[in-house]
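Our numbering applies: residue 6 is where the sequence shown begins, and numbers increase by one. Every residue, glycine too, gets a C-beta built ideally from N, C-alpha and C. Note that the structure is a prediction, hence the values are computed from the model and not measured.
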Amino acid sequence: MEWVPLAVIAVVGVFVAVLNATSAIMEAQTGGPPIDPRAAWLYEVSSVVMVVLLSPGIGWMVWKFPAPDEMKALPWLRFAGLHLLAATIFSLLHIAGMVGLRTVGYALAGSVYHFDYQGDLLLPAVYEWRKDVLTYASNAVCYWAWGVWLARQAAEALLATPPVPRTPDARIEIRDGARVTLLEPNDIGWIEAAGNYVEIHTGETTHLARGTLAAFGEKLGGHGFVRIHRSRLINRARMKSFKPTPSGDLEILLDDGRIIVGSRRFRAALETTA
Numbered sequence: 006m007e008w009v010p011l012a013v014i015a016v017v018g019v020f021v022a023v024l025n026a027t028s029a030i031m032e033a034q035t036g037g038p039p040i041d042p043r044a045a046w047l048y049e050v051s052s053v054v055m056v057v058l059l060s061p062g063i064g065w066m067v068w069k070f071p072a073p074d075e076m077k078a079l080p081w082l083r084f085a086g087l088h089l090l091a092a093t094i095f096s097l098l099h100i101a102g103m104v105g106l107r108t109v110g111y112a113l114a115g116s117v118y119h120f121d122y123q124g125d126l127l128l129p130a131v132y133e134w135r136k137d138v139l140t141y142a143s144n145a146v147c148y149w150a151w152g153v154w155l156a157r158q159a160a161e162a163l164l165a166t167p168p169v170p171r172t173p174d175a176r177i178e179i180r181d182g183a184r185v186t187l188l189e190p191n192d193i194g195w196i197e198a199a200g201n202y203v204e205i206h207t208g209e210t211t212h213l214a215r216g217t218l219a220a221f222g223e224k225l226g227g228h229g230f231v232r233i234h235r236s237r238l239i240n241r242a243r244m245k246s247f248k249p250t251p252s253g254d255l256e257i258l259l260d261d262g263r264i265i266v267g268s269r270r271f272r273a274a275l276e277t278t279a
């Protein structure tokens, strides 16, 4: 989208070129300074071409060295001096390119182009520099306005975008002194009470965590954990099958081959969950 301000500059430049060239031609026809219509068009076109070619550099300066946020003299003097220097460099390049194009144009017409005024190069250079400083400033404002518009659009889009909800962390935190272990619920096969602690079984590893079985059952109920004994929870996702024993209790087979015993009192809850 960086082409938008450049397109605006090009359109305005063409409009000004047509206005100036036709004005010079009409003034010459009504008693004004004489001028070859071809020269009038060459002067304007060569200037516009160089302005358009150099304008991306103005945009780079505007975005690289923006106006200071603080209202202090030194930052603003530095800002003004930097852009005045850039405007002078822009003017030198504009004049050099413009003179080059006009020289080629005159040569094609069998003539010679002279930039100087009666042998004086400084006067026409200062004359062009004054206009180029204004051109630099107007083009800089164009790039600045475009940057402000883009920033506003980005801010509005950011405000319109609903925040992504954060998924709550369901991992179980186990502390052993200064060490903290985080367990995914799916990694846990079963949990059983051990006094003021619970034993959390994950494969070949058993983790000891302080807490009650009821508290862990409440926390992990939404992850498929069910009570199978007054002192035992099991992860249904890890359960392959269950069957009654001759005593009426439950024999539960886990996916790793382990068999866990459950109480007949909790069979109804296990079957209801299933």
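What span of residues does the alpha helix (DSSP H) with residue i cover, start to end?
i, result
"P170", "Per DSSP, P170 belongs to no alpha helix (DSSP H) and is neither H nor E."
"S51", "42–69"
"V266", "Note, V266: premise wrong, no alpha helix (DSSP H); beta strand (DSSP E) at 264–267."
"Y111", "78–113"
"S28", "8–34"
Taking the Cβ atom as the reference point for each residue, do residue i and residue j lie within a distance shorter than 8 Å?
i, j, result
"W151", "P10", "yes"
"I233", "L218", "no"
"I63", "Y148", "yes"
"A101", "V138", "no"
"L238", "G227", "no"
"T186", "H212", "yes"
"E204", "I196", "yes"
"D260", "R243", "yes"
"V54", "L106", "yes"
Quick one: Cα of residue i to Cα of residue j, how far?
i, j, result
"G194", "S252", "24 Å"
"A29", "I40", "7 Å"
"T166", "E178", "33 Å"
"S268", "R235", "8 Å"
"L127", "W134", "10 Å"
"G262", "A159", "56 Å"
"G110", "R43", "9 Å"
"S246", "L258", "5 Å"
"S52", "M103", "6 Å"
"W8", "N191", "53 Å"
"R83", "L59", "23 Å"
"V57", "V153", "21 Å"
"I14", "D125", "31 Å"
"P80", "L98", "27 Å"
"T108", "L155", "41 Å"
What span of residues does the beta strand (DSSP E) with residue i cover, start to end?
i, result
"N240", "237–240"
"G152", "Looking at the DSSP string, G152 is not in any beta strand (DSSP E); the run it does join, the alpha helix (DSSP H), is 127–165."
Throw me the rounded Cβ distance for the residue i and residue j pair, which I believe falls under 8 Å.
i, j, result
"N201", "R184", "Incorrect: roughly 19 Å between the Cβ atoms, too far for contact."
"R176", "L163", "Contact flag wrong, Cβ pair sits at about 31 Å."
Segment contact, 8 Å Cβ cut-off, at least three pairs: the stretch 113–127 with the stretch 77–87: no
Assess contact between the stretch 18–28 and the stretch 65–77, defined as three or more Cβ pairs (one per stretch) separated by less than 8 Å. Is contact present? no
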